[in-house]
Structures are given as structure tokens and as C-alpha cells.
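The structure appears right after this line, and notes come after that.
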Amino acid sequence: MTTQAYLDKFAHLLKELSPDELNDVLEYYQEYILDAGLPDYTAVVQQLGTPQQLARKTLADYSIQRTQVSKASPRHNAHLIWLILLALFASPIALPLAAVVLALLVAGIAVVIAIIFMAIMLVAALFLAGGFLLIAGIAVLFQSFITGIFYIGTGLIGLGAGALGLLLSYLIVKLLLQWGAALIKHIYRKVRTPKRKGANH
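Next up, the structure:
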């Protein structure tokens, strides 16, 4: 098989890139293959890895670049972590490190799930208690104005605390994802090869 067959397979796996990004990547690796004097498909695989492995590394590189030029959402950070993990597993040299990162990721996911579960229970309890007290306050308002106002006020505080707890839980999960993405990006930068032209270092 030819080097062009390698590049065709590689390009097919880069659907997440824009046309300009794809052209930039293909132009770089065409020049890389020519400069290195790689004569055929097998030689390119020995130097750069399979098209799948190189595509994972390239997508991880571009995903990292996008987080540097724009504010990443929690969804993007989660996707970035996944792409980098795939890229690490695609590199035989980085396999032990990928296993460590995977273990850390599993532990991190367990922590996030625990936080989400506790947040759901707490927020649900606050909303239920707040709603109950609000209804109770309205029910007794005309029998005992002061008691009704007290219950209504307490109920509104409970509902407000529930809404605040929901927001804080979201921010905590978002922060954990940012930290996780930053850590994995740092690890990935230490092990990735070869360095692609135009990537931030």
C-alpha cells in the first residue's frame, strides 16, 4: 500500500476538524513523510503509528488548542479527557501512563457521581421542605398571620437554598472537570510525539 492510502485513511478519521484544519494537518504530514523518506504504508506506520493512532493524537491536539483560545464547557472538557485518553492508549510507550490516567479518571468519576448524588438528595430535600412550608404557610396565613408569614418565609428560604445548592453543585462538577482536563492535558503534552506544526507548546 502507498503513503497516499495511509493519508486517505488518516483524513477519513478527522471528520471533527474543519476543512482548513484538515488541509493544514494533511499538508504537514505529506511534507513529513517526504522529508523522512518514507516509501510506503508500512514505513509510515512504523514511524507515525497506524492512521487510527495518529488521528487520535491529532484530534487531542486540536481539542487542547480549542480550550486555549476559548472558554471550554463542561461537555467539551469531558470530551477532551476522552480524546486524550484514547491518544495515550494509542501510543505503546504511553500505555502504562494511560493505565494510571484511566485509574485516576475512574476515581474522579466516582467522586463526581458521589457529589451529584449527594447534591440531588440535598436539593430535593430542600425543595420538598421549602415547598411544604410554603404551602403550609399559605394554608394558615388567615388563621395566624405571623405563623403563616414565618412558614412562608422559611419555605422561600428552603427553595432558595435548594436553587443555590443546585448552582453550587454544577459549579463544583464544572471545576472538577476543568482540573481533570488541565491535568490530563499536562500529562499528554509530556508524552506526545511527534510535535505537529502549529500546535501550542
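The opening position of the sequence shown corresponds to residue 8 in our numbering, with each subsequent residue numbered one higher. We put the beta carbon where it would ideally sit given N, CA and C, even for glycine.
Could you give the distance in angstroms between the alpha-carbon of residue i and the alpha-carbon of residue j?
i	j	result
I142	T161	11 Å
L20	A85	20 Å
G44	I179	51 Å
V92	L61	Here the sequence assigns Leu to residue 92, which means Val is not the residue at that position. Cα-Cα distance, rounded: 13 Å.
L33	V108	30 Å
G6	L135	Lying before the first or after the last residue shown, residue 6 is absent from the chain, which here runs from 8 to 208.
H193	G169	36 Å
G165	A110	38 Å
L24	F124	36 Å
A126	A114	18 Å
S176	I122	7 Å
Y35	G167	55 Å
A18	A106	28 Å
D27	A131	48 Å
I191	P46	35 Å
G56	Q37	15 Å
Q185	F139	37 Å
K22	G137	49 Å
Q54	D42	12 Å
A146	I116	44 Å
I159	P103	58 Å
Which residues in the same chain as residue i place their Cβ atom closer than 8 Å to its Cβ, once the five residues preceding and following it in sequence are excluded?
i	result
I156	G144, L148
Y48	M8, T9, T10, A12, Y13
Y29	The sequence shown places Leu at residue 29, rather than the Tyr named in the question. Once the five neighbours on either side are set aside, the close Cβ partners of L29 are A18, L21.
Spatial neighbours of residue i within its chain, please: CB distance less than 6 Å, with the 5 preceding and 5 following residues excluded, ordered by chain position.
i	result
L90	L66, A67, S70
I153	none
L112	none
K204	For K204, the predicted model reports a pLDDT of 43, less than 50, meaning its position is unreliable and no value from the coordinates is stated.
Go through its chain and collect everything with a Cβ distance to residue i's Cβ below 7 Å, but skip five positions before and after it.
i	result
K16	P58
I40	T10, V51
V182	Val is not the amino acid found at residue 182; the sequence shown has Leu there. Nothing meets the Cβ criterion.
V119	V180, L183
Q150	none
- Run through the segment 103 to 153 for me and flag every whole beta strand (DSSP E) of 3 or more residues, listed as ranges in chain order. Runs found: none.
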